[in-house]
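Remarks on the structure that follows.
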Amino acid sequence: MVARVQEAAFDFSAEVNTFQAKVKSAGALVTFTGIVRDDSGSLDHMFIEHYPAMTEAALQKIETQAIAKFGLEDALVIHRYGMLTPGETIMMVATAARHRKDAFAGADYLMDYLKSRAPFWKKEISKDHTEWVQSKATDEAALAAWSREPEA
Amino acid sequence: MKLNILYFAWVRERVGHSQETVETDAATVADLVVELLQRDEGCAAAFADMSAICVAVDQELGELTTHLKDSYEVAFFPPMTGG
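Going down the list, the sequences are from chains A and B. Take 1 as the starting number for the first sequence in my numbering and just add one per residue. Take 153 as the starting number for the second sequence in my numbering and just add one per residue.
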């Protein structure tokens, strides 16, 4: 299990290859990549702030939950912070399981929890406007849906 | 007791700094917020709507009712937007 928080860019392909090489018994590997999106067409930067003393522990806790809930062979989370530009990769998750359903569900679960339980905050910076990205009611609804789901 | 207090994102911007150490007898997070609210305009603006703020006590997510006995660090921040 790997949870990494870093300012520098990472090499997605190299990370996936390293992850895959470690999970000998998995038959399925799912990845998700989050990218800085420019909805307005005028976004200059996305600034990502985090809580250094807490972030890695929070990521590990979410990964541990996902591994237990879906019987994953392993999970990987890498999340960046600092000043990013549109099109840059913010973060990635990878999950490995014996079968695809658990790998997909595990990745989905990781992303839902990363969105609202990992201490990151995004700020959109344009020439004439800066704004903190607000959480959405649907983010909390997604977590509630996971806790309603019967244990597999 | 001495408490290390951290602020993040727009809470940090409204309070005006990211970190401070306070001497307090607050029993819970809510007591601490009441103390901070009365201190200056920045804190009053930051804590005006507590439903918009999350808290972590000793780097674990907490609530207004969380007790501060033997705690060393409290962080205030908006709902998280990771991913």
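A virtual CB, placed ideally from N, CA and C, is assigned to each residue, including glycine.
DSSP beta-bridge partners of residue i
i                      : result
residue 123 of chain A : A/47, A/132
residue 176 of chain B : Answer by DSSP bridge pairing: none, since residue 176 of chain B is not bridged.
residue 32 of chain A  : A/93
residue 167 of chain B : For residue 167 of chain B, which the question treats as bridged, DSSP gives no partner whatsoever.
Nearest neighbour of residue i, chosen from the options [CA to CA]
i                      : options                    : result
residue 189 of chain B : B/202, B/233, B/214        : B/202
residue 145 of chain A : A/130, A/135, A/124, A/105 : A/105
residue 208 of chain B : B/153, B/186, B/180        : B/180
residue 112 of chain A : A/135, A/87, A/123         : A/135
residue 52 of chain A  : A/87, A/116, A/79          : A/79
residue 154 of chain B : B/230, B/197, B/213, B/176 : B/176
Which of helix, strand or coil DSSP assigns to residue i
i                      : result
residue 205 of chain B : coil
residue 56 of chain A  : helix
residue 63 of chain A  : helix
residue 22 of chain A  : helix
residue 196 of chain B : helix
residue 229 of chain B : strand
residue 145 of chain A : helix
residue 235 of chain B : coil
residue 3 of chain A   : strand
residue 98 of chain A  : coil
Heavy atom of the ligand PLP within 7 Å of residue i beta-carbon
i                     : result
residue 83 of chain A : No copy of the ligand PLP appears in this structure; indeed no ligand is present at all.
* Near-chain B residues of the stretch 21-42 of chain A - C-beta to any C-beta below 7 Å -> 34
| request: Taking a Cβ distance cut-off of 8 Å, strictly less, list which residues of the stretch 220-235 of chain B are near chain A, in chain order. | output: 225, 227, 229, 230, 231, 232, 233, 234, 235
query = For the stretch 155-174 of chain B, which residues have a beta carbon sitting closer than 9 Å to at least one beta carbon of chain A?
reply = 158, 160, 161, 162, 164, 165
Residues of the stretch 114-129 of chain A in Cβ contact with chain B at a cutoff of 9 Å, in chain order, please.
114, 115, 116, 117, 118, 119, 120, 121, 122, 123
* the stretch 78-107 of chain A: which residues have C-beta closer than 7 Å to a C-beta of chain B, in chain order? -> The stretch 78-107 of chain A vs chain B, Cβ under 7 Å: 79, 91.
Just by C-beta distance, which residues in the stretch 50-79 of chain A are closer than 7 Å to chain B?
-> Hits within the stretch, in order: 51, 53, 54, 57, 79.
query = When Cβ atoms are compared, which residues of the stretch 201-212 of chain B fall closer than 7 Å to chain A?
reply = 208, 211
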